[in-house]
Amino acid sequence: GGGGATTEGGTIATGAVKPGGTVRVAIIQPTTAPNPLLVQDEGGAGLLGSTGEFLSFSNSKLVLEPRIAESWSPNADGTEWTFKIRQGVKFHSGATLTANDVVQTLEKLIDPKHGSANAQSALGGVLSPGNTSAPDDATVVFKLDAANGNFPTLVSSANYNAIIIPADLDPADWGKTFEGTGPFKLEKFTTKVGASFVRFDGYWGDKANPDRMELKFYDDEAPMVNGIKGGEVDFVEHFSVSGGKALLDDPNVQVIAIRTATHRQIHMRNDKDPFTDKRVRQAIAYSIDRDALVQGLWEGKADVGNDSPFAPVYPATDTSIEQRKQDIDKAKQLLSDAGKTNFTVELDTWNGFEIPDLAQLVKQYAAQIGVTLNLKITDAGTYYGDGVFGKSRWLDSVMGITDYGHRPVPNVYLTASLSGDPKVGVWNSAHFKNPQYDDLVKQYVAALDLDSQRKVASQIQTLLLDETPIVFPYFYNFLSAAVPKLKNAVSAATGQFDLSKAGFTS
Amino acid sequence: MTDPAIELKDLEVVYRVRGTDRSVLRGVSLSIQPGESFGLVGESGCGKTTAAFAIMRYLPRNGRVMDGSITVNGQDLLAMGGAEVRRLRATTLSMVYQDPAAALNPSIRIGPQVAEAYELMGVDRGAASERAREILAKVQISDPPRVMRRYPHQLSGGMQQRVVIAMALAKDPTLLILDEPTTGLDATVEAEVLDLVQALRQEFGTSVLFISHNLAVIAKMCERVGVLYAGRVVEEGPADQVFQDPRHPYTVGLLRCIPRGGVRKDEMALDTIPGFLPRLGAEIPGCVFEPRCGLAEEICGTEEPPLYPLGNGRASRCYFHERAHLLPRNAPAQIATARQGNGSPLLKIDNAAKTFRQDGQDVRALVDVSLDIKPGEVLGLVGESGSGKTTFARVLLGLTAPDPGSELELEGKPLAPKVEKRPEEQIRALQVVFQNPDGALNRRFSVRRILGRALTKLRGLRGTARDERTRELASAVRFDESLLAVRPAQLSGGLKQRVAIARAFAGDPRVVLCDEPTSALDVSVQAAILNLLAELQVGEGVTYLFISHDLGVVRYISDRIAVLYLGRVMELGDAETVFGPPHHPYTEALLSAVPTLEGTERARIRLEGEIPSASDPPSGCVFHTRCPRKWGAICEQEEPPLKEVEPGHFMRCHIPLEELRRLQETPPPASAYSKTTS
Amino acid sequence: MSAVQDPAAPIAIPTQPDQAAIARRERLRFLRRSPTFVIGCVLVGMWVICAIFGNAIAPKNPEFPDVLNKLVAPSADHLFGTDRLGRDVLSRVIVGARAVLVIAPLATLLGTLLGTTIGLVTGYFRGFVDEVIMRIVDAVLAIPIIIIALLAVVALGPSRVTLILVIGLVFTPIIAKTVRAAVLGEARLEYVQAARLRNERAPYVLFGEILPNVMGPVVVEFTVRLGYAIFTVATLSFLGFGADPSIPDWGQDISQHYQFISGGVWWPVLFPALAIATLIVGINLIADAIAQSFER
Amino acid sequence: MGRFLLKRLGLASITLFLLTIIVFFGAQVLPGNVGRRILGPFADQAAVDNLNHQLGTDQPLLTQYWNWISDFFRGDLGDSLAYHVPVSTLIGNALEHSLKLAAFAFVLVVPLAIFGGVVAALKRDRPTDRVITLTGLSLTVVPEFVTGIMLILIFGLWLGLFPVSADAPDGSSILTQLKYLFLPALTLVILLFGYIARITRAGTIESLDADYTRTAFLKGLPRRMVIRRHVLRNSLLPTIAVVATQTGYLLGGLVVIETLFNYPGMGRLIFTAATQKDFPLLESAVLIVGIVFLVTTLLADVAYSLLNPRIRYAAAE
Ligand SMILES: Nc1ncnc2c1ncn2[C@@H]1O[C@H](COP(=O)(O)OP(=O)(O)OP(=O)(O)O)[C@@H](O)[C@H]1O
Ligand SMILES: Nc1ncnc2c1ncn2[C@@H]1O[C@H](COP(=O)(O)OP(=O)(O)OP(=O)(O)O)[C@@H](O)[C@H]1O
Ligand SMILES: [Mg+2]
Ligand SMILES: [Mg+2]
């Protein structure tokens, strides 16, 4: 921890604030055009959330707060969900939102030909085109491909693409107007530079407190940090411990820390030598000193990972399973059992966040068990390539480190990045194929109540811990920062932030 | 008697080089009376320019006056402060030096540059430029207003020097220093500038310090002369007397070096002065000339001789001044008796032409030059700068491809336009000695390597055979073997030129083209080189094409002479035929322009106007624009052919030979005529 | 031929001293005396030693991360403190010299070789080839060097070889231009024509006759470019195109830490920065001195 | 003059042509499939091929080159793959920023450097000279990110005198904008001073040693007048050319500085375009930087020839 006032949970110091004012926000440079379907990055998500609204908002406690949907409920077996749509919600253009807008938005999200990568990762195999209907203006019904207990989360703010837009709006044009129903509406947007928003007086709920909200895009973390220290921004939507150490230690910056499932995956190609043998994969896992990582890289602002996507933050996670710790001897033993000592592997990754550090530490740990890792650290574009098998270092490398954003439920991690089904496991960089696992995941997804989810989760965790297709070293906190006089700013680990209540103390 | 316009007493000047002072001027004393013109003559490097700058109080940053005094109109110049010196420069002293092109600010129009001198005197702008116009008119610039609007580079060399002189005279100075004002100008232009200076001197009554290495020029320009050697005035006195009856061995030697009075290589070899100018700052206990002096006895080496006064302003720094004229001759005993080869021509050039393209314009450097070169002869090629001499040589060598239609033959075999296309033996047969030995020798290679390489490539010699031959070559050009190991930079100009010559002879050439081989050299060295060339020619039985703008030299060495003007052969014939009347009017003008040491002034023929540019030559006879003998309209309309006016004598002129002979017996028309005062 | 002793023949000992040799000696003396040069050599020499014996000199293993002792301020144990992964900054600075001092000189050498050759050829032959090549050179020079380098690295992926090739090629046109200018001056001199007149082949004329005479500019150009090469290498690795971040590399180390400066953690940035500065300044001092020594 | 201009224009246009080729085919070496870049990993191959077909990115390179170049000179730069907005708007914005910074930097550095250079030349080989040249040299060669970081640290964070990010909020006054631009501009000043001063010094020394200067002195002109009228007039010519050659770098080469100061200029635009494989953006941006460079050098040549009668008339006559 640092000298700074650090609040756990999504909101910074709350309290009485002056009405009005302009809040200046620093966010990371969006890497694509603001298009609800195609946005895949944190900056973009921030933009969508700044004017758009979701059916529900997944807050820092991972609880869903109703927004456009007033309520929702499943049928008996969880294959069908019915959402009640709030009435009298107005778009910034003045048009009134109807259930049809919701239907159209979601149809677009899941239609492959629109290629909404992220939405697909969340809803692929869950909801198929044509199965969403609006019996009346106030109701939307989803017929799922299979039972799914977490469906409401998948269409909440947790799925940052899922802002509700007018049915007749071509998502590609969204960037022109930022059409949405949120408390702020677009004033000006300049690609690669920034955007500004003003209070939307037609908002259905409490009107926003600030008159204006200004977003400034940063390519690099350091200028962002300097920005808030130099008094040029009031709120840094997200910063990393490595990049923002200066903020953690700064007494006159307040830091928001949200426990999340944001993590790194160190994948090992299960189908490629030397990792075909699970003992080799385990050896790597045992070589890593996770506590050191959490302390060293994250100043303790992270949870130790146990080589499964079940982050401690998830209610469903079984925390009783024994935590894997560094054990050099055991690792060496495993290697010699596997007859794979002193081999050399290339470790692919890209130079973002703390990843290079992690890579170097992993290299060092591996060295301790006689494994040589050659780091191949490129820019993101090169690492992710086209994002499809055969055209992407991420998905093709024998060993690699990949960054995964926060998800309020582990489903995407479980499916996209581990499923053996090629249609689902589109991010399965470990090329992990295990029918038993796939089966367990189906059960987990279908489970409607927390207890049944816990049971399956426990089995999955045990299986993954044993197979170790991927090392999950840690799940780190989502950090935002604000100047002391800013109050009531809310941020979410999925990149959205809510400043409608925010304001300055005199 | 009034005090002299300027007086130098025991002036000692040093240059600080690599931390040590090297004396350049060793106690120079001289004085110039008001209105007098004093000549300072001496070989390159003897300190002339230094003296001039010392007087201007403008020595190079590393130069310093160690001792002695300079007084101007009785004021001690060295004692003056900066402001005073400036005032003096602005009112009393002016200087004109070599290379007028550099002396003028390229980015300021002539008008303002000249006017500046007046503004300095507090004249306001308008009046200043008015005065500028007047002074420009005075230096015989036609249409001054036009010239004042021009930039320096738009004027010819002669014009530029006129402008510089105008600026110098603007302040009506007491003393005008001219440092080689005409070196690098063409003979005809030089003559004009000199006349101008003469005239102005009369008009302004300025005293003049005239610096030159050319004795003839000094003889023409100056009443009194001082001979400078190694920073010391070795002889002094009235010009005519000093040159008629020199009283210092050095002066004697210098005068003997010069081919004069139409002597020819087969009459007598030239005298030379052995050895070299002492190095800058060398310790010289005795007489500075002692190491090179034929009369020297040991006293000369130990004690510096005083300045012996010889009456009526003459003086000499030599113990043996009264027998200076007895200085032993110093030349090869045997003289070159040229074996005039006749029979089939060795080189046959048929309407050789060369047209350069220069920013969009045709520069016709050579226009149907047709001539034969007989085996064993020396063909002299004269002409003003830009007349195409070098181009002609380069065309023969195949360094510049002639225009199509030009036919070159060597011993009946056609010569390919480019040297790369020529067979071994042709390449070997045609060799060259360039004007500037510094550029001609690769400064990174030793002499041995330079000669050796040539032998390997041209004669296929290797190993000991090559070394053997290298030594032979060296001795053939009187080049000491012990120097084979050194690089050109170590050698004096003369030695370098010897190496260049040796290289030219490496491949047993049939023809050697000499492009101004002595122009860059001092007279004493020039003499030695000319002797050598003459001797080699006989010894090796080669043929020369000898290019020079020095008529004396050409006349000395050549059997036949071709006169070039704007790329055209104007006259061609035996040396004596060309030099004796009747000449082509252009040749006549050239000859008359050259100052001679003999007081015998020939009628000066002043050429009107500029040399036309080769890019747009005049219509008809290209010379008509300047021709003092212009015959009539025909000269402007049709170009005369080069016709054989008498056996072996070719001329490109409309005027019949007889007419020319008649004309040239009588003085030329008054308009273009002036008797040079001296 | 007649063997008459010509009195005008020179006296045996060369009267001019060996100007070339003197010039060379002068140059060396000048350099030895010039403080600029000496300081430059000291600085550069220091780093060269580090580059060669780095691992021996370095007090600690520059790659060993001790993440629990990260960003420790300079102390007796870590003279220059530790970096974001608890690696010893001093050791990294020392060993870091290697990355730069391997890539930059090789790149510059490559550029100089190519550039000189092109310069010689174009400057000597002139004509069409010259025109074309010079246009291309101009075209390339119209794009900022760093951009070209950057594109190339993105295309080929960062690796020492890439960096060497890229920087070498990027410098080629510049060097070619300088050399060409010098050659133009030389080619006009008659010794070149003299060579043609004993039918020398073009290659000999270029490399045998002309090259020795343009060595001066070439040397100067090399030293100057070396400075820029280091500049470029550092910049590229600063922009994240260094190879493996565990290998010490000044530029990369700076880019990895400059964000901490605002938090008062200056040591992981300052020392590599100083290293780069001193090395480049050193090289340029040398270049400057050499250039001067050739001028006079 | 007219011919001179024509000649230079001719050469420039040839260079430009080669430049376009270099830029286009240079960009082709970057890996990455355009259609896939746009539609992302989840679009099915058919859609990708279809899009590539629409975009013409499946046509032979020469055809693509032709289309690109003809569109370019018709003013249609296409859309950015990453941001789906017209490239022209992106470049327009970035160029504006870059120009601002460049102009400011020039305004600061050029007079300063010329002054320094002239003083050094006048005091040649004296301490003043050595100090100016050596400091200049040393500063010039230190990478931008070193100087930049130091400046941010000192003036931005410790002293808090200047903003640490260069881009002023919209609608702020010129003065404010300059305040924001100051630190990056200063970095550039430090970077360029030595370089320009050096050239100026050389030029001044050359004309100080020239015969015409001697003539002026021997005329009896006071030193100041000689310097003003005769020396500077000729000595500043080379400086012009050099200053011009820096524009390319200033407009497109400031990747580092723009990153340090979070300034949305061309450098960073090109940088991200390259890393994101945003071909249309990349190609046009680089080409435009090149063009601006060519134009400025052309203008410099013209200015040079205007100030230098030798060239002006040599060409005219
Ligand atoms: N600035 C200088 N530093 C050192 N030596 C110099 C300098 N200027 C001239 N010299 C040397 O001083 C000697 C005299 O030079 P000066 O120019 O006065 O001779 P000169 O008679 O004018 O020769 P020339 O006829 O070639 O002009 C020469 O040897 C020359 O090399
Ligand atoms: N390479 C060239 N390009 C264009 N014009 C040239 C070239 N070489 C020579 N000329 C022109 O050709 C004409 C003849 O030049 P050339 O050098 O042959 O005269 P020259 O008699 O040797 O003069 P000098 O006595 O000064 O050596 C001149 O007008 C010159 O400007
Ligand atoms: Mg002189
Ligand atoms: Mg010539």
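Protein chains in written order, with our numbering: chain F, 1 to 506; chain D, 507 to 1184; chain P, 1185 to 1480; chain H, 1481 to 1797. Backbone N, C-alpha and C fix where the C-beta goes; we use that ideal spot for every residue, glycine too.
Item	Value
Residues that DSSP places opposite T139/F in a beta bridge	K84/F, D136/F
Chain P contact for G1/F (CB, 8 Å cutoff)	With a pLDDT of 32 at G1/F, under the threshold of 50, the modelled position of this residue cannot be trusted; read the value that follows with caution. Not an interface residue.
Exposed unless 16 or more other CB atoms sit within 10 angstroms - verdict on G1777/H	Going by the sequence as given, residue 1777/H is Thr instead of Gly. Counting Cβ neighbours within 10 Å, T1777/H comes out buried, since at least 16 surround it.
The region 1249-1264 of chain P contacting the region 1365-1379 of chain P, beta-carbon criterion three pairs below 8 Å	no
G889/D Cβ short of 7 Å to ligand 2 heavy atom set	yes
Simplified DSSP state of D273/F, which is helix, strand or coil	coil
Distance cut-off 7 Å: V530/D Cβ against heavy atoms of ligand 1	yes
Residues, ordered as in the chain, of the region 1700-1716 of chain H that lie near chain P by beta-carbon distance below 7 Å	none
I538/D beta carbon less than 8 Å from that of S713/D	yes
Cβ-heavy atom distance, E549/D to ligand 3, below 7 Å	no
For P1789/H, the nearest candidate out of G894/D, P923/D, G849/D, Q660/D (CA to CA)	Q660/D
CB-CB length for A871/D against G894/D, believed under 8 Å	5 Å
Euclidean distance between Cα positions of M1630/H and A1783/H	37 Å
Exposure label - V193/F; buried when at least 16 CB within 10 Å	buried
Straight-line gap, Q1189/P to A1008/D (C-alpha atoms, nearest Å)	Here Q1189/P scores only 36 on pLDDT, less than 50, and its place in the model is too uncertain to base an answer on.
Coarse secondary structure for S1439/P, derived from DSSP in three states	helix
Cβ-heavy atom distance, A672/D to ligand 2, below 7 Å	no
Within 8 Å of chain F by C-beta, residues of the region 1644-1664 of chain H in sequence order	V1644, S1645, D1647, P1649, D1650
Within chain P, partners of I1634/H - CB distance below 7 Å	What I1634/H touches in chain P: nothing, since even the nearest Cβ is about 10 Å away.
Within chain D, the residues that N1513/H reaches when beta carbons sit closer than 9 Å	Simply none; closest approach about 51 Å.
Cβ neighbour criterion (16 or more within 10 Å) applied to L1489/H	exposed
Interface partners of R1319/P on chain H, CB under 9 Å	L1491, I1494, T1495, F1497, L1498
C-beta neighbour in chain P for F940/D, strict 8 Å	yes
Where D678/D meets chain H, residues with beta-carbon distance less than 9 Å	Those do not exist, as D678/D stays about 13 Å from chain H at its closest Cβ, beyond 9 Å.
Option in A493/F, A76/F, N161/F with minimal Cα separation from A147/F	A76/F
Chain-order list of residues whose beta-carbon lies under 6 Å from that of G1770/H (same chain, five-residue window excluded)	L1499
Contact with chain H by K376/F, beta-carbon distance below 8 Å	no
Chain P contact for P1744/H (CB, 8 Å cutoff)	no
Closest by C-alpha distance to V1453/P, when choosing among P1258/P, G1352/P, W1231/P	P1258/P
Test: K1254/P CB closer than 8 Å to a CB of chain F	yes
Under the three-state DSSP convention, the category K442/F falls into	helix
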